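Novice:
Number of protein chains: 2
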Amino acid sequence: MEAFLRPASAYPPLLQALQKGPLKVSLVGSGNWGTAVGKIVASNAKNSHIFNTDVRMWVFEEEFEGRKLTDWINNHHENKKYLPGFELPSNLRAVPSLTDACRDADLLVFVMPHQFIERACRELRKAKLLPPHCRAISLIKGIGVRNGWPLTLTHEIGSILDLPKPCILSGANVANDVAAENFAEATIGHPDGETETAALWQLLFDRPNFKINVLPDVDGVEVCGALKNVVALAGGFCEGMGQGTNTKAAILRLGVEEIKTFTMLFFGDLLADTLYDSAGYADVITTVFGGRNARVAAAFVRQKGKDWDQLEKEMLNGQKLQGPATLELVAEVIRANEVEHLFPLFTSTYAVAFQNADPQAILDVFRTNRPRSIQRSEDCVKLKVPTLVRDARIRIASRMKKLGRSISELTRNPPDTPDSASEESNHKTEATPAKL
Amino acid sequence: MEAFLRPASAYPPLLQALQKGPLKVSLVGSGNWGTAVGKIVASNAKNSHIFNTDVRMWVFEEEFEGRKLTDWINNHHENKKYLPGFELPSNLRAVPSLTDACRDADLLVFVMPHQFIERACRELRKAKLLPPHCRAISLIKGIGVRNGWPLTLTHEIGSILDLPKPCILSGANVANDVAAENFAEATIGHPDGETETAALWQLLFDRPNFKINVLPDVDGVEVCGALKNVVALAGGFCEGMGQGTNTKAAILRLGVEEIKTFTMLFFGDLLADTLYDSAGYADVITTVFGGRNARVAAAFVRQKGKDWDQLEKEMLNGQKLQGPATLELVAEVIRANEVEHLFPLFTSTYAVAFQNADPQAILDVFRTNRPRSIQRSEDCVKLKVPTLVRDARIRIASRMKKLGRSISELTRNPPDTPDSASEESNHKTEATPAKL
Chain A
1 MEAFLRPASA
11 YPPLLQALQK
21 GPLKVSLVGS
31 GNWGTAVGKI
41 VASNAKNSHI
51 FNTDVRMWVF
61 EEEFEGRKLT
71 DWINNHHENK
81 KYLPGFELPS
91 NLRAVPSLTD
101 ACRDADLLVF
111 VMPHQFIERA
121 CRELRKAKLL
131 PPHCRAISLI
141 KGIGVRNGWP
151 LTLTHEIGSI
161 LDLPKPCILS
171 GANVANDVAA
181 ENFAEATIGH
191 PDGETETAAL
201 WQLLFDRPNF
211 KINVLPDVDG
221 VEVCGALKNV
231 VALAGGFCEG
241 MGQGTNTKAA
251 ILRLGVEEIK
261 TFTMLFFGDL
271 LADTLYDSAG
281 YADVITTVFG
291 GRNARVAAAF
301 VRQKGKDWDQ
311 LEKEMLNGQK
321 LQGPATLELV
331 AEVIRANEVE
341 HLFPLFTSTY
351 AVAFQNADPQ
361 AILDVFRTNR
371 PRSIQRSEDC
381 VKLKVPTLVR
391 DARIRIASRM
401 KKLGRSISEL
411 TRNPPDTPDS
421 ASEESNHKTE
431 ATPAKL
Chain B
1 MEAFLRPASA
11 YPPLLQALQK
21 GPLKVSLVGS
31 GNWGTAVGKI
41 VASNAKNSHI
51 FNTDVRMWVF
61 EEEFEGRKLT
71 DWINNHHENK
81 KYLPGFELPS
91 NLRAVPSLTD
101 ACRDADLLVF
111 VMPHQFIERA
121 CRELRKAKLL
131 PPHCRAISLI
141 KGIGVRNGWP
151 LTLTHEIGSI
161 LDLPKPCILS
171 GANVANDVAA
181 ENFAEATIGH
191 PDGETETAAL
201 WQLLFDRPNF
211 KINVLPDVDG
221 VEVCGALKNV
231 VALAGGFCEG
241 MGQGTNTKAA
251 ILRLGVEEIK
261 TFTMLFFGDL
271 LADTLYDSAG
281 YADVITTVFG
291 GRNARVAAAF
301 VRQKGKDWDQ
311 LEKEMLNGQK
321 LQGPATLELV
331 AEVIRANEVE
341 HLFPLFTSTY
351 AVAFQNADPQ
361 AILDVFRTNR
371 PRSIQRSEDC
381 VKLKVPTLVR
391 DARIRIASRM
401 KKLGRSISEL
411 TRNPPDTPDS
421 ASEESNHKTE
431 ATPAKL
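Heads up: the protein sequence lines correspond to chains A and B, in order.
No gaps in the numbering here: position 377 of the first sequence is 377 in the UniProt record's numbering, and each next residue is one more.
No gaps in the numbering here: position 199 of the second sequence is 199 in the UniProt record's numbering, and each next residue is one more.
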């Protein structure tokens, strides 16, 4: 049914469209995160030469407190149901029809629960209303699976719509905090050949209180965003068992390790820089320390016997739990490819979450009588020294040189330390044992 | 006064000493962490062919509840003052004289407050009681500074004692949790040429509930261990201002970024692997989320007007705060080398901690009108694919081949997706606009 995902070069560039006038932006989704993002995007588009002022947001029409949701947004400038208490920019326009919301859009922002993605994309495809230079970005956390192989949602969106592989935006972001303009950061990952598109996305999202970094790694950013919720379940189980932060730190470390492995195994490459940015460690951390998946997982252990649906209903007040569904897909992929040995944490987390295993199984992954590991130099990756740092080193070195010293000498022996070659050794010699 | 720090090859190897019999282990320090570590080391040495059963621990003699501390440890097997409530192995022997504790030691474990290191090392040097193959490891968190240049404590220990640069052990470890045998991990960093020594240290420390990884990066591990407390202060200030986890995640990200910069600028290299291990992100996380430096820093903002000494006394019940002292040294190094532009977070944290700046200064570092950054491919580092993962990929690929598919094709288009080349495009064409 889908088209092959073709390289970006097979499509007209977005910058070409920009020459004809400001870019039209449409948001597909209007939940808690979607509305917070709509607020950002519409604020940036308001007085922009790059983006059309009118920002459309597709709203699944429903009634709330006697009014239609589109009416709340368009006339009261508040999404009373999903983001109550925040005033939305007047140029953010709620549109109840998906096709009307997206017609002729140059930029499509997908921000909806992942289970609705396929249907929305198929409807858009059928309507044939997107220009060939259209670009999409996904803000959705999740993965798919087909025949035992993992599928990213950017792949899904791009292939169904026959667009270049979309960019992805992910980071340590809590929707209400972002809406409140508390400071937050995020990462945009882009596929090969889409650096310029990503730079435009950055202009659309970057705000003084929402700072965006751009990286050439769409799969890495996306896998981190999806799989962090699995790590959060493992962390929550440990919390439920009463383990301390030591243990949680170990879970986090191994969790990121398995995210790395998953990405390299099924998608090829992964940048160290992705893990260092907001979409990487920073997001895994906030999810494990205080995200809803971790909280519900802790309750899963403490209130033994309740299933995920039940806990979700009791604890989340209508919000969805992404971890268990993602974990099931991850486990399916691991099983289909017979790579359980590479994913001890994910495998034991699945056993606890779905196979009635004792939560101790998580800890058993770590507790062995063998020493953990020894990493040899040839297996390690040296980080690149940024230009600014290299320049500073050169400047410092030249100043040192005037003092007759080199940096390498400095790091072995700082200035003003007299040469002690003539001093006695502190070594006890066999001939003259020290007295007791 | 100190000798130059010479390469490990200038000293007889430790393995040579091992051929003559089990290695004698001495701990220099017996506080909260020292005693917890003594428990681990003595447990491992108990029935070992590699380590002497008798593990000596230097104890600064003092009275506690009517008994000498050495008496508590040697006869009651408890460090009643610093680690009450935990039974210590009977082969952990408290020795009140530093020289008696370390005489003829093959392995020296330094685990004491960093301000006492220099004096202890000088006393040992003067006594000339260490064999030339002796090796040291430091478990101390801190840095020194001389003439504006940062000095690691392993450098200090090695150069004063004229030993090869010591290894370092650091990780996400809370002493009481480790003593209680809750699960924890740590990292041993070793200098060039000391892989075998590090492997012996691993055998000495690794336990089923305390798992150790070994890495060829002593400076990176040590700088992370020292500077995490500075990041914790910044995180604590944000907590004190009522900022949420979004903001804390940003602090963490930039904090690790500046730790990276500090290491590369003053020590040369840094491994990505160091940041991924327990001594890296995992430790920074536990320190920022719940360490005492973060807690006191939050109080510093909330109870405006109190200084660090006062808060330490009121809140820490005799424990020491490492963050402010480390921050002062870091700020001195940054100032002396005129590299404030590379350390906006550390610099603003210093301003808040010591120069009466408004805590908002921390947030001002992040809030700009410029987009955060765009990282180009050539500036990014691809992670190495571990052998296990590469093997699994090859195995999966060969299975796919039998099905007539390749992995690279798969990641673009999973199996069972029919070729859609013949399908209509979803693009709206100029000739036939879709109806509204």
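Just so you know, even glycine gets a beta-carbon here, dropped at the ideal spot from N, CA and C.
This one's a predicted model, so the numbers in the text were calculated from it and none came from an experiment.
1) Applying the 10 Å Cβ sphere with the 16-neighbour rule, what's the burial state of Ala17(A)?
2) Report yes or no: is there a C-beta of chain B within less than 9 Å of the C-beta of Leu15(A)?
3) Cα separation between Arg376(A) and Cys167(B)?
4) Excluding the five sequence neighbours on either side, which residues of its own chain have a C-beta within less than 6 Å of the C-beta of Ala8(B), listed in chain order?
5) Please report whether the beta-carbon of Ile137(B) lies at a distance below 9 Å from any beta-carbon of chain A.
6) Kindly indicate if chain B contains any beta-carbon less than 9 Å away from that of Glu185(A).
7) Which chain A residues sit within Cβ distance under 9 Å of Phe343(B)?
8) Looking at the secondary structure, which residues open and close the alpha helix (DSSP H) in which Met241(A) lies?
9) Does any CB atom of chain D fall closer than 9 Å to the CB of Leu83(B)?
10) Kindly indicate which residue of Asn75(B), Ser373(B) and Asp206(B) has the alpha-carbon position closest to the one of Arg367(A).
11) Please report the distance separating the alpha-carbon of Phe354(A) from that of Ala325(A).
12) Listed from N- to C-terminal order along the chain, which residues in the stretch 222–242 of chain B have their beta-carbon within a distance smaller than 8 Å of any beta-carbon of chain A?
13) Is Pro324(B) close to chain A? Criterion is C-beta to C-beta, closer than 9 Å.
14) When you compare the CB of Pro386(B) with every CB in chain A, is at least one pair closer than 9 Å?
15) Along the stretch 253–266 of chain A, where does the CB come closer than 8 Å to a CB of chain B? Name the residues.
16) So is Lys126(A) buried or exposed if we call it buried at 16+ other beta carbons inside 10 Å?
17) Return the chain-ordered list of same chain residues with a C-beta closer than 8 Å to the C-beta of Glu61(B), the five sequence neighbours on each side being excluded.
18) Thinking C-alpha only, which one of Ala94(A), Asn182(A), Arg122(A) and Ile188(A) is nearest Ser138(A)?
19) List the whole-angstrom C-beta distance separating Lys24(A) from Asp106(A), where the pair is believed to meet the contact cut-off of C-beta under 8 Å.
20) If you draw a straight line from the C-alpha of Leu15(B) to the C-alpha of Asn79(B), how long is it?
21) Taking only beta-carbon atoms, is Thr347(A) less than 9 Å away from chain B?
22) Name the chain A residues whose beta carbon is nearer than 7 Å to that of Arg302(B)?
23) Among residues of its own chain, excluding the 5 on either side of Thr154(A), which ones have a beta-carbon nearer than 7 Å to its beta-carbon?
24) One question on the structure: do Ala249(A) and Ala172(B) come within less than 9 Å of each other, judged by their Cβ atoms?
25) Determine which residues of the stretch 389–400 of chain A have a Cβ less than 7 Å from any Cβ of chain B, and write them out in chain order.
26) Assuming Gly142(B) and Gln322(B) make a contact with CB atoms under 8 Å, what is their CB distance in whole Å?
27) Within the chosen definition, does the stretch 343–358 of chain A reach the stretch 225–240 of chain A through at least 3 CB pairs nearer than 8 Å?
28) Report the residues of the stretch 353–379 of chain B with a CB closer than 8 Å to any CB of chain A, ordered along the chain.
29) Please name the residue or residues paired with Gly189(B) in a DSSP beta bridge.
30) Along the chain, where does the alpha helix (DSSP H) containing Met315(B) start, and where does it finish?
31) Could you tell me the boundaries of the alpha helix (DSSP H) in which Met400(B) lies?
32) Please work out which residues of its chain come closer than 7 Å, Cβ to Cβ, to Arg122(A), disregarding the five sequence neighbours upstream and downstream, and give them in chain order.
33) Residues of chain A with CB under 8 Å from Asn182(B), in chain order?
34) Ignoring anything shorter than 3 residues or poking outside the stretch 84–165 of chain A, list the beta strand (DSSP E) runs there in chain order.
35) Tell me which residues share the same chain as His77(A) and place their Cβ nearer than 7 Å to its Cβ, disregarding the 5 neighbours each side in the sequence.
36) At least one CB of chain B closer than 9 Å to the CB of Ile285(A): is that the case?
Specialist: Checking against the coordinates, here is how it stands:
1) Under the 10 Å beta carbon count, Ala17(A) is surrounded by 16 or more other beta carbons and is classified as buried.
2) Chain B, which has no Cβ nearer than 9 Å to the Cβ of Leu15(A), makes this no.
3) In this structure, the alpha-carbon of Arg376(A) lies about 15 Å from that of Cys167(B).
4) Cβ within range, chain order: Pro164, Gly193 and Glu194.
5) With 9 Å as the cut-off, Ile137(B) does not count as an interface residue toward chain A.
6) So, interface residue.
7) Here the premise fails: no neighbours, minimum Cβ distance about 10 Å.
8) Per DSSP, Met241(A) belongs to no alpha helix (DSSP H) and is neither H nor E.
9) Absent here is chain D; the protein component of the structure consists of chains A and B.
10) Nearest C-alpha to Arg367(A): Asp206(B).
11) As the crow flies, the alpha-carbon of Phe354(A) is around 11 Å from that of Ala325(A).
12) Flagged: no residues at all.
13) No, its Cβ sits nowhere closer than 9 Å to a Cβ of chain A.
14) Taking Cβ atoms only, chain A reaches closer than 9 Å to Pro386(B), which makes this a yes.
15) Listed in sequence order: Arg253, Val256, Glu257, Lys260, Thr261, Met264, Leu265 and Phe266.
16) Exposed is the call here.
17) In chain order, Lys68, Leu69, Thr70 and Pro96 place their CB closer than 8 Å to the CB of Glu61(B), counting only its own chain and leaving out the 5 sequence neighbours on each side.
18) The residue with the shortest Cα to Cα distance from Ser138(A) is Ile188(A).
19) Confirmed, about 5 Å.
20) Whole-angstrom Cα-Cα distance: 33 Å.
21) By this cut-off, Thr347(A) is not an interface position.
22) Around Arg302(B), no beta-carbon contact reaches into chain A at under 7 Å, the shortest distance being about 18 Å.
23) Around Thr154(A): Ser138, Lys165, Pro166, Ile168, Val218 and Glu222.
24) Yes, Cβ-Cβ distance for Ala249(A) and Ala172(B) is below 9 Å.
25) Listed in sequence order: Val389, Ala392, Arg393 and Ile396.
26) Taking the Cβ atoms as the reference, Gly142(B) lies roughly 6 Å from Gln322(B), within the contact range of under 8 Å.
27) The stretch 343–358 of chain A, when compared against the stretch 225–240 of chain A, does touch it at the 8 Å Cβ threshold.
28) Within the stretch 353–379 of chain B, the qualifying residues are Leu363, Phe366, Arg367, Thr368, Asn369, Pro371, Arg372, Ser373, Ile374, Gln375, Arg376, Ser377 and Asp379.
29) Per DSSP, Ile168(B) and Leu215(B).
30) Unbroken alpha helix (DSSP H) run through Met315(B): Trp308 to Leu316.
31) It spans Thr387 to Lys402 - the alpha helix (DSSP H) in which Met400(B) sits, taken as one unbroken run.
32) Correct list, in chain order: Ile160.
33) Going along chain A in sequence order, the residues near Asn182(B) (Cβ under 8 Å) are Gln243, Gly244, Asn246 and Thr247.
34) If you keep only unbroken beta strand (DSSP E) runs of at least 3 residues inside the stretch 84–165 of chain A, you get 92–95, 107–110, 135–138, 143–146 and 149–152.
35) Beyond the five residues adjoining it in sequence on each side, His77(A) comes within less than 7 Å, by CB distance, of Glu87, Leu88 and Ser90 in the same chain, given in chain order.
36) It does: the Cβ of Ile285(A) has a partner Cβ on chain B nearer than 9 Å.
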